[in-house]
Amino acid sequence: MTTDTTTAKRGFHFKDITKMFGGGQSTLRQFGILGSLVVILVVFQVLTWIVKGTGLTLSSGNLINVVNQYSYILILAIGMVMVIIMGHIDLSVGSVAAFTGIVVAKAMADWNLPWPLGVLLGLGVGVLVGAWQGFWVAYVGVPAFIVTLAGMLFFRGANQWVGDSQSVPVPEGFKVIGAGYLPEIALPLPFNIPTMLLALAGAAWIVFWEIRTRRIQRRMGADMAPLWVSVTKVVLISAVILVAGWLFATGREGTSFPISGVILLALVILYSFITNNTVFGRHIYAVGGNRQAARLSGVKDRWVDFFVMMNMSVLASLAGMIYVARATASGPQDGNGWELDAIASVFIGGAAVSGGIGTVIGSIIGGLVMAFLNNGLALLGAGADVVSMIKGLVLLFAVGVDVWNKQQGRPSIIGFLTRRLGRKQDSATDTFDPTKANYPTSQKYEAPAVEETRGK
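Here my numbering runs 3 ahead of the position in the sequence shown, where the first position is 1.
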């Protein structure tokens, strides 16, 4: 059994740093992606200061704009990572989002449907579309690539047919979910109080969760990160949350943290819990890592396929409604290219091309890399052609590194270095146990673990 005392006696090991992010096969790559995000922020902050005379990237107004402009892509990335973990791909999300947007806009405009019911209608459309595509993938056996390619064509045409290729405006109340902000409280303070309360709640949750995780690890006899690692992790993450909260709270009067950002945060928390702490989440990794072994161990892989595809369409519908609410109208060109941005976010965030590996948090980080790359280049005056080329190179490099390192038999370049530095450590610290709900499930679910479980 490993305790805090025995862990402390090991002294400093570079590999312990990776435990700040949970450990695991894809964690090291996500650690590198997080570092890349920090570098992008710093570089563009400096460049905009040199070119524009002031650092714009980390300004309150710019951060608010980034959340408003990219929240719907990050929502798509949450669903897409689950699809890619399963070994599928969904090309229809942009068209499904556009179709849902026009249906909801027409319903509110022509039928005078109240906007809360419009939101429910949109989610219902997502369920029906997802059930349709999930049926073909899970029970007919048509590859998801083909099903969603057909869906991309069909629902793009359906969007233009329903809306007659015209823009349809949405009512003021509906705009709140895409263009609204946390409300102001009439107190003589130089910041938005709900935004700072949200940041304080986030920092408090980080402290609580780390304490809870260590208690569970101690009770189970699992390997624990040194105490200094946990303290450093909590301090750094809490500091980032509080600083970000302050920047959002001190923006231009009338703005604060966007409602679309609140929805995004709620979804990140919900889906992180589902993928890491539920039986369904473990089944996603099991099927994506080794479908045949998972099926032999009793996992209903068709059921998992069906619900993952349906969930993706529901999130696409939500993303479409948020975009339409921000744009104030639904149009025939909505959703173009969204699937490519979502897929790129997932792969940049550490998901494996072959499936079985990926996390919600990693995909959000990957999406933020793309968002701030777009945003920073736009602030510097780069054209859409340059932005597109750079995004393509970033995606190619990210996936190329994943494929190359897999061919070399290691998870990442950083993983190779840290493995050599920490080769004398107990190899059990890297063992993946999908039966432990609080252990990160970002690793591939291998067949030997399934066979061992069946033999008991």
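Beta carbons: idealized from backbone N, C-alpha and C, even for Gly. These numbers were taken from a predicted model, which means no experiment stands behind them.
Opening and closing residue of the alpha helix (DSSP H) in which Met111 lies: Here residue 111 refers to the residue found at position 108 when the sequence shown is read from its first residue. Where Met111 is concerned, the enclosing alpha helix (DSSP H) stretches over Val96 to Asp113.
Length of the line joining the Cα atoms of Leu190 and Val99: Numbered from its first residue, the sequence shown carries residue 190 at position 187. Numbered from its first residue, the sequence shown carries residue 99 at position 96. For Leu190 and Val99, the gap between their C-alpha atoms comes out near 43 Å.
For Val302, three-class secondary structure by DSSP: Here residue 302 refers to the residue found at position 299 of the sequence shown. It is coil, neither helix nor strand.
Thr216 - containing alpha helix (DSSP H), residue span: Locating residue 216 in the sequence shown gives position 213, counting from the first residue. Annotation for Thr216: the continuous alpha helix (DSSP H) segment containing it runs Ile196 to Met223.
Proximity winner among Gly386, Leu376 and Ala153, relative to Gln48 (alpha-carbon distances): Here residue 48 is taken as the residue at index 45 of the sequence shown, counted from 1. By alpha-carbon distance to Gln48, the top candidate from Gly386, Leu376 and Ala153 is Leu376.
Alpha helix (DSSP H) runs contained entirely in the region 220-269, provided each spans 4 or more residues: The DSSP assignment places complete alpha helix (DSSP H) segments of no fewer than 4 residues inside the region 220-269 at 230-252, in order along the chain.
Counterpart residues of Ser74 in DSSP-defined beta bridges: Sequence index remark: in the sequence shown, residue 74 carries index 71 (1-based). According to DSSP, which records beta bridges pairwise, Ser74 is partnered with nothing at all.
Anticipated Cβ contact below 8 Å, Ala101 with Asp337, distance rounded: By 1-based counting over the sequence shown, the position of residue 101 is 98. By 1-based counting over the sequence shown, the position of residue 337 is 334. Their Cβ separation, rounded to whole angstroms, is 4 Å, which keeps Ala101 and Asp337 in contact under 8 Å.
Ile277 beta carbon near the ligand PLP (any heavy atom closer than 7 Å): The ligand PLP is absent from the structure shown, which contains no ligand whatsoever.
contact_flag[the region 296-304, the region 132-139] where n(CB pairs < 8 Å) is 3 or more: Contact between the region 296-304 and the region 132-139 is absent, with fewer than three C-beta pairs closer than 8 Å.
C-beta atoms of Val122 and Leu383 nearer than 8 Å: Here residue 122 corresponds to residue number 119 of the sequence shown, with the count starting at 1. Here residue 383 corresponds to residue number 380 of the sequence shown, with the count starting at 1. A distance of 8 Å or more separates the beta carbons of Val122 and Leu383.
Separation of Gly224 from Val234, as counted between CA atoms: Position 231 of the sequence shown holds residue 234. Position 221 of the sequence shown holds residue 224. Distance between the alpha carbons of Val234 and Gly224 is about 20 Å.
Val389 in three-state terms, based on DSSP: Along the sequence shown, read from residue 1 onward, the residue named residue 389 stands at position 386. In this structure, Val389 counts as helix in the three-state DSSP scheme.
Gly334 versus Asn68, Ile105 and Val307, residue with shortest Cα-Cα distance: Within the sequence shown, residue 334 is the residue found at index 331, counting from 1. Nearest C-alpha to Gly334: Ile105.
Pairwise C-alpha distance: Glu213 and Leu399: In the sequence shown, the residue the question calls residue 399 occupies position 396. In the sequence shown, the residue the question calls residue 213 occupies position 210. Whole-angstrom Cα-Cα distance: 35 Å.
Alpha carbon of Trp208 to alpha carbon of Ala182, nearest angstrom: Indexing the sequence shown from 1 puts residue 208 at position 205. Indexing the sequence shown from 1 puts residue 182 at position 179. Straight-line Cα distance between these residues: approximately 27 Å.
Pro119 - DSSP class collapsed to helix/strand/coil: On the sequence shown, position 116 is the one that residue 119 refers to. Residue state for Pro119 is assigned as helix, using DSSP reduced to three classes.
Selection from Thr103, Ala110 and Pro117 that minimises the alpha carbon distance to Val132: Translated into the one-based positions of the sequence shown, residue 132 becomes position 129. For Val132, the closest alpha carbon among the candidates Thr103, Ala110 and Pro117 is that of Thr103.
7 Å Cβ shell around Gly379 - same chain, five flanking residues per side excluded: Counted from its first residue, the sequence shown places residue 379 at position 376. The residues Ile43, Phe47 and Thr60, in chain order, have a CB closer than 7 Å to that of Gly379 in the same chain once the five nearest residues on each side in sequence are set aside.
Where Trp52 falls: helix, strand or coil (DSSP): If you number the sequence shown from 1, residue 52 lands on position 49. It is helical.
Residues bridged to Val132 [DSSP beta-bridge criterion]: Stepping through the sequence shown from its first residue, residue 132 is reached at position 129. According to DSSP, Val132 bridges with nothing at all.
Cα-Cα separation between Ser263 and Ile180, rounded to whole angstroms: Reading the sequence shown from its first residue, position 260 is the one you call residue 263. Reading the sequence shown from its first residue, position 177 is the one you call residue 180. If you draw a straight line from the Cα of Ser263 to the Cα of Ile180, it is about 6 Å long.
Same chain only: Cβ atoms within 8 Å of Ile277, ignoring 5 sequence neighbours per side: As a working mapping, residue 277 is identified with position 274 in the sequence shown. Excluding sequence neighbours, Ile277 sits near Phe283 and Gly284.
Where Val356 falls: helix, strand or coil (DSSP): Position 353 of the sequence shown, counted from the start, is the residue given in the question as residue 356. Here Val356 sits in coil by DSSP.
Coarse secondary structure for Met307, derived from DSSP in three states: Here residue 307 refers to the residue found at position 304 when the sequence shown is read from its first residue. In the sequence as displayed, the identity of residue 307 is Val instead of Met. Three-state result, Val307: helix.
Unbroken stretches of the alpha helix (DSSP H), 4 residues or longer, contained in the region 271-298: If we require 4 residues or more, the alpha helix (DSSP H) runs fully inside the region 271-298 come out as 282-292.
Alpha carbon of Ile360 to alpha carbon of Tyr288, nearest angstrom: What you label residue 360 is simply residue 357 of the sequence shown in a count that begins at 1. What you label residue 288 is simply residue 285 of the sequence shown in a count that begins at 1. So the alpha carbons of these two residues sit roughly 7 Å apart.
Own chain, CB closer than 7 Å to Met111, minus 5 neighbours either side, in chain order: Counting from 1 along the sequence shown, the entry for residue 111 is found at position 108. Taken in chain order, the residues that qualify are Trp118, Gly121, Val173, Pro174 and Phe177.
For Val173, three-class secondary structure by DSSP: Indexing the sequence shown from 1 puts residue 173 at position 170. Correct three-state label for Val173: coil.
Unbroken alpha helix (DSSP H) run spanning Thr60, endpoints: For the purposes of this step, residue 60 is identified with residue 57 of the sequence shown, where counting begins at 1. Here Thr60 belongs to no alpha helix (DSSP H), and DSSP marks it neither H nor E.
Pairwise C-alpha distance: Val356 and Met227: As a working mapping, residue 227 is identified with position 224 in the sequence shown. As a working mapping, residue 356 is identified with position 353 in the sequence shown. About 30 Å.
Alpha carbon of Val130 to alpha carbon of Phe158, nearest angstrom: Stepping through the sequence shown from its first residue, residue 130 is reached at position 127. Stepping through the sequence shown from its first residue, residue 158 is reached at position 155. The alpha-carbon atoms of Val130 and Phe158 are separated by roughly 14 Å.
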